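Let me begin by presenting the structure, written as C-alpha cells, before commenting on it.
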Amino acid sequence: MGSKPKYDRTFVEDHLSQYGYKLKSEYKTAGTPMLVECANGHIYQTRFQNFYHRKTRCKVCQGLGNYNTKEELIRKLKENNCEYVDHYRDPKIKRTIVKYICSCGGLGESRIDRFLLGERCTECYAERMRTSRKKGKLERMEKLISKSSKEEQ
Numbered sequence: 653m654g655s656k657p658k659y660d661r662t663f664v665e666d667h668l669s670q671y672g673y674k675l676k677s678e679y680k681t682a683g684t685p686m687l688v689e690c691a692n693g694h695i696y697q698t699r700f701q702n703f704y705h706r707k708t709r710c711k712v713c714q715g716l717g718n719y720n721t722k723e724e725l726i727r728k729l730k731e732n733n734c735e736y737v738d739h740y741r742d743p744k745i746k747r748t749i750v751k752y753i754c755s756c757g758g759l760g761e762s763r764i765d766r767f768l769l770g771e772r773c774t775e776c777y778a779e780r781m782r783t784s785r786k787k788g789k790l791e792r793m794e795k796l797i798s799k800s801s802k803e804e805q
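Next comes the structure, spelled out in C-alpha cells:
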C-alpha cells in the first residue's frame, strides 16, 4: 500500500498563492517538475521541493534570465539599442541564442545572459579591444614620461 503524499495539490496551491504564484499544470509529487506562473505572468518550470525548501522563485523577475517569450527578448534588445532578428535553442549548451543587429550595425549572436552582461557583436568586441589596448598603451607611456621627468629633476 502506498503512503499518502506529504504535500497534496491543495497544500501546494495554497502555499504558492501566499507568494502570488499559481499552479499551471498537474501536481504529482514534490520532486516532479510542474509549471508555475508568477505574479508578473511569467510561466516557468520548477519542483515544489525547490520552491518550498530552497525558496527558488521566478528567474525572470529576479533578473537571472530565462526569457521565455519572444516579446521579452525583443524588449531587452530594444532597451540596449539592438534589433531582434531571430532566436533558437542550442541543444549542446541548453541555452537560448539570440541573433540581433547590434547598435553599431553589425550582426550579433550570443546567449541572452551574456548579452545582458555586455557581450555584443564581433565588431563591437573588436572596437572595445582596440580602445582598451590604446588606453593601456597611453597609460604606460604616461608612466614612462612621468618617471623620466622625475629622474631628471
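Residue numbers (the numbering used here): 653 to 805. For glycine and all other residues, C-beta sits at the position ideal for the given N, C-alpha and C. None of the values given here were measured: they were computed from a predicted structure.
Residue i classed as buried or exposed, judged by whether at least 16 other C-beta atoms fall within 10 angstroms
i: L796; result: exposed
i: M686; result: buried
i: R785; result: exposed
i: Y679; result: buried
i: R782; result: exposed
i: G683; result: exposed
i: I764; result: buried
i: L729; result: buried
i: M653; result: With a pLDDT of 47 at M653, under the threshold of 50, the modelled position of this residue cannot be trusted; read the value that follows with caution. Exposed, because fewer than 16 other Cβ atoms sit within 10 Å of the Cβ of M653.
i: L668; result: buried
i: R661; result: exposed
Close beta carbons around residue i, own chain, < 6 Å, minus the five adjacent residues each side
i: A691; result: G672
i: L768; result: none
i: R709; result: none
Supposed close pair residue i, residue j - CB separation, criterion 8 Å
i: V712; j: T698; result: Not confirmed; about 12 Å, so no contact.
i: T774; j: G757; result: That pair is no contact at about 12 Å.
Collapsed DSSP secondary structure at residue i in the structure displayed
i: E803; result: helix
i: G788; result: helix
i: K751; result: strand
i: V712; result: coil
Proximity test, Cβ basis, 8 Å: residue i and chain B
i: F767; result: Absent from the structure: chain B. Only one protein chain is present.
Cutoff 7 Å; reference residue i; Cβ partners in own chain excluding five residues on either side
i: V664; result: L675, Y679, F700
i: Y740; result: I749
Close Cβ partners of residue i (< 8 Å) along its chain, the five nearest in sequence each way excluded
i: Y777; result: E771
**Study point:** Inter-stretch contact (C-beta, 8 Å, three-pair minimum) for the stretch 729-744 and the stretch 752-767
**Key:** Of all C-beta pairs linking the stretch 729-744 to the stretch 752-767, three or more are shorter than 8 Å, placing the two stretches in contact.
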